[in-house]
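Engineer: Right, I'll just put the structure down here and ask away after.
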Amino acid sequence: MTFENLGLSADLLATVAREGYTEPTPVQSAAIPLIIAGRDVLAAAQTGTGKTAAFVLPILENLRHTANEGFSPARHPVRVLILTPTRELAVQVSEAVKTYGRGVPLRSSVVYGGTRIEPEIKKLWNGVEILVATPGRLLDHVGQRTVNLSQVEILVLDEGDRMLDMGFIPEIRKIVGHIPAKRQTLLFSATFSTEIRKLAGEFLTNPEIVEVAPRNSVADNLTQVLYPVDQERKADLLIHLIQRDNMEQVLVFTRSKLGASRLASYLDRRGVSCSAIHGDRSQAERTRALEAFRGKWVKVLVATDVASRGLDIEDLPYVVNYELPFEAQDYIHRIGRTGRAGASGTAISLVSPDEVNELRAVQRLLKKAIPCAIVEDFLPDPDREPAPERRFGSGSRGHDGGSRSREGWRPAAAMR
Ligand code: AMP
C-alpha cells in the first residue's frame, strides 16, 4: 500500500513525503479512504500507530476543496472539532494539524485548561476552521460564547477510552448538543471495550470499524524486559542502567505525583539530568519539561500516567516502568511511547517483590511472560519478606552483561 492509493491530493502527498513517511501505517491505509468518503469511523488504534495522521490527513483533504481564503473571521467558522482527553495530547494533535496542513489555507487552533483563556479567545475571534480542544475548556468557551459550534462538519473524539476513564462523557454529551446532528464523526480509541462500543452507538452513525492492531497487542519491534529489585533500590538501579547502556532519552513512569517529583530530585542530585511532568505542575512547567526532554537537554523525563497520556516523542528509545501501574492496561499505554511507527524500542520494568500482583495482571493481559534480566548487585534481598525466590521463582543467577535476558528465571510464574 502506498499513500498515492489512498485518495490524497498532490500537496498532501508532498507533505507526507516531506515528513519522511514512505508508506502508510495500517490504521492510515484503512481509515484514510473511509474518512475521505465521508463515513463515520470507529477505529481501534493506540498512540504510536500513526493514528493522528490517519484522521488529520483525510480531514484536510476533504476541507481543502472548500477552504475560504477570505480575510473576514466570519468566513472561517469552526468546521472541525477534535476533542482530546489531555492538554498534552491537544497540543500534540494541534501541532500535527499545523504540520500536515502547512500547504492548506485553513486556520487551526487549540484550547485547553490550565492556561489563560484570553489569548485563546483572541485566536477564536480571528476565525478558526480546525479546533483542537479538551472538553472542559471548550465548554468554558461555549458558556462565554467565544466559540460557535453550529457549523461543525466533522467531530473527532481522540483516545475515547481515556475520555471514558477520565469521566468526560457528560461534557462530551453537552458539547455534542451544540454541534449539528448531520456531521461526520470519528472515534479513536486504544481499545474496544463494551463502553466504547456504546459510546460509538450514541455519537456515530452507521460507522465503519477499523481495527488494525489486535486487542492489547504490543508492537513487534519493542523489546520488553524486567529487572527484579527491591523498591528502595530502584533509583540506583535506574541510574546504573542509564549509565551502563548509555541511555540518552528515557521516559520513566511512576505511580504517583509525589513519587515522580521525589525520583526527579534524586536523579538530579545524582547528576542525571532530568525533568518531571505530572498533574501538580503548571501547564507552563509541563510544556518546559517536555521541551527540554524532546530537545535532549535532559536525559530523563519522569511522568505519571495521566500526565503522560498522548505524549509523542519521536524515536523514543527507552521507557522505564519505575513501578508497574495499578491498571494493567496502563502498561500497554506506557510502553506504546517507544517502538513507534517501526522504530525499535526497549521497555524496562523495575519490579519489586511486592508488585507480584501487578506483574501477574500485566502478563495476563500480554498473554506472555516478560523476559527477566538480572543485575546481580541489585537483586532483591532474599532475607526480606516476601522472599524473591518464592515470589519470582528460583534459578541460577546470571551476571550483569552479556545475555542477561532469561525467560527461565521465572517471574513467568507470576502469570499463574
Ligand atoms: P501517532 O500514533 O499519531 O501518535 O503517531 C506516532 C508517530 O508516528 C508520530 O511521530 C508520527 O510522526 C509518526 N508517523 C505517522 N505516520 C507515519 C508513517 N506513515 N510513517 C512513519 N511515521 C509515521
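So for the sequence shown, my numbering puts the first residue at 1045; every next one is plus one. Glycine residues also receive a C-beta, built at the ideal position from the N, C-alpha and C atoms.
1. CA-CA distance, D1349 and T1069?
2. From R1313 to K1343, what distance separates their C-alpha atoms?
3. Taking the alpha carbon of I1223 as the reference point, which residue from L1248, M1207 and E1203 has its own alpha carbon closest?
4. For a minimum of 4 consecutive residues, which ranges assigned as the alpha helix (DSSP H) are wholly contained in the segment 1224-1306?
5. Tell me where the alpha helix (DSSP H) around T1096 begins and ends.
6. Identify the residues that DSSP records as bridge partners of N1365: which are they?
7. On the DSSP bridge assignment, give the partners of S1152 in chain order.
8. For S1053, count neighbouring C-beta atoms within 10 Å of its own C-beta (all shown protein chains included) and say buried if the count is 16 or more, exposed if not.
9. Do A1088 and A1075 have their beta-carbon atoms positioned less than 7 angstroms apart in this structure?
10. What is the DSSP secondary structure of L1052, counted as helix, strand or coil?
11. Can you tell me whether DSSP reads M1045 as helix, strand or coil?
12. Might you give, ordered along the chain, the residues of its own chain that have their beta carbon closer than 6 angstroms to the beta carbon of S1138, omitting 5 neighbours on each side?
13. So, with DSSP's three-state summary, where would you put L1409?
14. Does I1080 come out as helix, strand or coil in the three-state DSSP assignment?
15. Assign I1418 to one of three DSSP states: helix, strand, or coil.
16. Between which two residues does the alpha helix (DSSP H) carrying S1138 extend?
17. Taking the DSSP output, what are the residues bridged to V1346?
18. With H, G and I counted as helix, E and B as strand and the rest as coil, what does DSSP make of L1403?
19. Measuring CA to CA, which of E1239, N1106 and D1427 is closest to A1081?
20. Would the segment 1268-1284 and the segment 1399-1417 be scored as touching if the rule is three or more Cβ pairs under 8 angstroms?
21. Kindly list the residues whose CB is nearer than 6 angstroms to the CB of E1203, restricted to its own chain and excluding five residues on each side of it in sequence; keep chain order.
22. Does the segment 1134-1150 touch the segment 1046-1060, meaning 3 or more C-beta pairs lie closer than 8 angstroms?
23. Taking only heavy atoms of the ligand AMP into account, decide whether any of them is closer than 6 angstroms to the Cβ of P1068.
24. Quick one: does the C-beta of Y1065 sit closer than 6 angstroms to a heavy atom of the ligand AMP?
25. Return the chain-ordered list of same chain residues with a C-beta closer than 6 angstroms to the C-beta of L1050, the five sequence neighbours on each side being excluded.
26. Can you list, in chain order, the residues of its chain with a C-beta nearer than 6 angstroms to that of A1431? Leave out the 5 residues immediately preceding and following it.
27. Our contact map puts P1093 next to V1256 with C-beta atoms below 8 angstroms; I'd like the distance itself, whole angstroms only.
28. Taking 7 angstroms as the threshold (C-beta atoms), are A1347 and F1422 in contact?
Structural biologist: If we stick to the structure as given:
1. 26 angstroms
2. 14 angstroms
3. When the alpha-carbon of I1223 is set against those of L1248, M1207 and E1203, the nearest one is in L1248.
4. 1238-1247 and 1278-1288
5. K1095 to R1108
6. The bridge partners DSSP lists for N1365 are F1297 and S1393.
7. In the DSSP output, where bridge partners are listed per residue, S1152 has I1174.
8. exposed
9. No, they are not a contact pair.
10. coil
11. coil
12. V1154 and V1176
13. helix
14. helix
15. coil
16. Start and end: R1131 to Y1144.
17. For V1346, which the question treats as bridged, DSSP gives the partners V1296 and A1320.
18. helix
19. Distance check between A1081 and each of E1239, N1106 and D1427 places N1106 closest, using alpha-carbon atoms only.
20. yes
21. P1129
22. They touch, by the three-pair rule.
23. yes
24. yes
25. I1076 and P1077
26. Note that A1431 has pLDDT 41, beneath the 50 cutoff, so the model's placement of it is unreliable and the number below is only indicative. Counting only Cβ-Cβ distances below 6 angstroms, and skipping sequence neighbours, we find nothing.
27. The sequence shown places Thr at residue 1093, rather than the Pro named in the question. Indeed, because the Cβ distance is near 7 angstroms, the residues count as touching under 8 angstroms.
28. no
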